[in-house]
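Residue numbers (my numbering): 11 to 401.
Every residue gets a Cβ at the ideal spot worked out from N, C-alpha and C, and that includes glycine.
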C-alpha cells in the first residue's frame with residue numbers, strides 16, 4: 011500500500027484511510043479512479059467539494075463517509091449514475107455492498123468501519139491488477155458483491171445466538187461474498203483462531219481468501235484449457251466438496267501437509283488450496299509494495315540488494331505492474347528477504363511472527379500459477395517457469 015502527500019505547505023504524509031489533513035485541516039478522500047488519496051476544497055455556498063486543480067468539477071462525500079465515517083470516498087457528481095429506485099450517493103468501493111450490518115445497533119458501526127477498511131485495501135490492489143472488477147450494477151451476471159451481517163450478539167463478542175436469525179457463514183457464492191461481522195471483533199476472531207488451531211487469522215485475509223474463490227470463477231472455471239491446467243497444480247476440484255469438508259474437520263490435515271500447501275486449511279479441497287494461495291499472493295504483493303514505498307530494500311545479513319534489482323520488481327499499485335515482464339521468482343525472492351525482516355521486527359517487539367508460513371518449492375509453483383493466471387499468460391507458464399528458474 012502506497013502513502014500519499016497533501017499539497018499544503020507542510021506536505022504532510024497521507025495514508026490510505028486518511029480523511030483529514032492533520033496540518034491544514036482540509037478534507038481528504040479518494041474518488042472513483044480509486045488510485046489516490048488527495049485533498050478537497052469546500053465550496054461554502056453549495057456544500058460541495060472540488061479539487062484545486064479542477065474547480066468546476068464538484069464532488070460529494072459518499073453517504074457512508076458523511077453519515078458513518080466508514081470510508082473516505084468522494085463521488086464525482088458529473089459522472090455519478092444513480093441506481094434506479096436508489097437515492098444513495100455511494101463511492102466506488104461502497105457500490106459493491108448489498109447488505110451492511112444493522113446500523114440501529116451502534117456497536118456495529120466501528121466494526122463495519124473495520125470491514126470497509128479491509129475491503130477497500132483488497133479492492134485497491136485488485137483495481138491495479140489486470141483482472142475484472144465490476145459490481146453487480148455494472149455486470150449483473152458476473153459482478154462482485156458483499157454482505158456484512160451477523161447471527162450473534164455484538165455485546166458479548168458474538169457469543170450468543172440472535173433470535174430468529176439464520177446462521178451466517180463467511181463464504182463465496184457466484185460472485186457474492188458474505189463475511190460475518192464477528193470477524194471484525196478482535197476478541198471473537200481470536201477465540202475462533204484459537205479454537206481452529208490457526209497461526210494466522212485476519213479480517214483482510216478473509217477478504218483476500220474469498221476473493222480468490224471469485225477470481226477462480228472469473229479467470230479459470232470458464233476456460234476448459236485453463237481449468238485442466240489448474241488441476242495439475244491444485245488437484246481435481248470436482249471432488250465432492252462437502253465430503254472433503256467433513257473429512258477435514260473429522261481427521262485434520264495430513265502429517266506432511268506443510269511440504270505442499272501454504273496452510274492446513276488449503277489441504278481441505280483444491281478450491282481452498284487455490285483461495286489460500288491467492289490470498290497469500292495478495293499478502294505478498296501488497297506488503298512488498300508497502301516496503302518499496304518506504305524504501306525498505308530487503309537487505310539482510312550484510313547482503314545488500316542492488317537498487318536496480320529492487321526497481322525491476324515493478325511491485326503492485328505501480329503502473330508498471332501491468333507489464334508481463336515481472337518475474338514471479340524475483341517477487342518471491344524479495345519477499346523471502348523481507349519476511350525475515352518483518353518476523354525479526356515482530357520478535358523484537360515480543361509479538362508473534364508477522365508471516366508464519368513457509369514457501370516450499372511446491373507452494374512457490376502454485377504462487378507462480380496464480381501470478382500467470384492474473385496476467386493471462388498461462389499459455390506461457392512452462393516457458394516462464396524455466397526462465398524464472400534460470401534467473
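Checklist line | Assigned secondary structure, residue 12 (DSSP; H/G/I helix, E/B strand, else coil) | finding: Reduced to three states, the DSSP call for residue 12 is coil.
Check: Would you call the CB atoms of residue 296 and residue 84 closer than 8 Å?
Finding: no
Margin query: So, does the segment 247–258 touch the segment 185–199, judging by three or more C-beta pairs under 8 Å?
Written below: No, the segment 247–258 does not touch the segment 185–199.
Notebook entry, point to check: Taking the alpha-carbon positions, what's the residue 217 to residue 266 distance?
Noted result: 27 Å
Check: If we count the other Cβ atoms within 10 Å of its Cβ and call it buried at 16 or more, is residue 96 buried or exposed?
Finding: exposed
Notebook entry, point to check: Is the distance from the Cβ of residue 98 to the Cβ of residue 73 below 8 Å?
Noted result: yes
Note to self: My assumption, with CB atoms under 8 Å, is that residue 16 sits in contact with residue 65. Please give the rounded CB distance.
What the structure shows: 18 Å between Cβ atoms; not a contact.
Notebook entry, point to check: Expressed to the nearest angstrom, what Euclidean distance is found between the alpha-carbon atoms of residue 314 and residue 23?
Noted result: With a pLDDT of only 45 at residue 314, under the threshold of 50, the placement of this residue in the model should not be trusted, and no figure is reported.
Checklist line | Span of the beta strand (DSSP E) around residue 187 | finding: 186–190
Next item on the list: Verify whether the separation of the beta carbon atoms of residue 279 and residue 249 is less than 8 Å.
Entry: yes
Next item on the list: Examine the Cβ distances between the segment 161–181 and the segment 124–138 and report whether three or more of them are shorter than 8 Å.
Entry: no
Checklist line | Whole-angstrom distance between residue 356 and residue 76, CA atom to CA atom | finding: 36 Å
Next item on the list: Report back the beta-carbon spacing between residue 106 and residue 155 to the nearest angstrom; my notes put them in contact at under 8 Å.
Entry: Yes, they are in contact, since the Cβ atoms of residue 106 and residue 155 sit about 6 Å apart, within 8 Å.
Item checked: Endpoints, the beta strand (DSSP E) within which residue 107 is located -> 107–109
Item checked: Strand pairing of residue 8, partner residues [DSSP] -> Summary: the structure shown does not reach residue 8, with the chain confined to residues 11 through 401, and so no result is reported for it.
Next item on the list: Would you mind listing the alpha helix (DSSP H) stretches within the segment 221–296 that are 4+ residues and don't spill past its ends, in chain order?
Entry: Runs of the alpha helix (DSSP H) spanning 4 or more residues and lying entirely within the segment 221–296 occur at 234–244, 251–261, in chain order.
Check: What's the C-alpha gap between residue 274 and residue 91?
Finding: Going by C-alpha positions, residue 274 is about 45 Å away from residue 91.
Next item on the list: Taking residue 51 as the reference, give the member of 45, 71, 43, 371 with the closest Cα.
Entry: Nearest option by C-alpha distance: 71.
Check: Sorted by chain position, which residues of the same chain lie with C-beta nearer than 7 Å to residue 209's C-beta, five sequence neighbours on each side aside?
Finding: Cβ neighbours of residue 209 within its own chain (closer than 7 Å, five residues either side excluded): 366.
Notebook entry, point to check: Looking only at DSSP bridge pairs, what is residue 39 linked to?
Noted result: 48
Note to self: Helix, strand or coil for residue 306? Go by DSSP, reduced to three states.
What the structure shows: coil
Check: Roughly how many whole angstroms lie between the Cα atoms of residue 289 and residue 58?
Finding: 38 Å
Notebook entry, point to check: When you compare only the Cα positions, how much space is there between residue 150 and residue 220?
Noted result: 19 Å
Margin query: Could you tell me the alpha carbon to alpha carbon distance between residue 252 and residue 104, rounded to whole angstroms?
Written below: 33 Å
Check: So the beta strand (DSSP E) residue 121 belongs to, where does it begin and stop?
Finding: Residue 121 -> not in any beta strand (DSSP E); alpha helix (DSSP H) instead, spanning 118–138.
Next item on the list: Would you grab the beta carbon distance between residue 93 and residue 229 for me? Rounded to a whole angstrom, and I think it's under 8 Å.
Entry: With a Cβ gap of about 27 Å, residue 93 and residue 229 do not count as contacting.
Check: How about residue 341 and residue 294: are their beta carbons less than 8 Å apart?
Finding: Contact annotation: residue 341 and residue 294 have beta-carbon atoms nearer than 8 Å.
Checklist line | Distance, residue 41 Cα to residue 87 Cα | finding: 11 Å
Notebook entry, point to check: Would DSSP call residue 84 helix, strand or coil?
Noted result: strand
Item checked: Identity of the residue in 78, 239, 305 nearest residue 383 by Cα -> Proximity to residue 383 across 78, 239, 305 peaks at 239, based on C-alpha coordinates.
Next item on the list: Please name the residue in 18, 21, 13, 34 whose C-alpha comes closest to that of residue 27.
Entry: 13
Next item on the list: Tell me whether residue 368 is buried or exposed, calling it buried when 16 or more other Cβ atoms sit within 10 Å of its Cβ.
Entry: exposed
Notebook entry, point to check: Are residue 245 and residue 285 closer than 8 Å when you measure CB to CB?
Noted result: no
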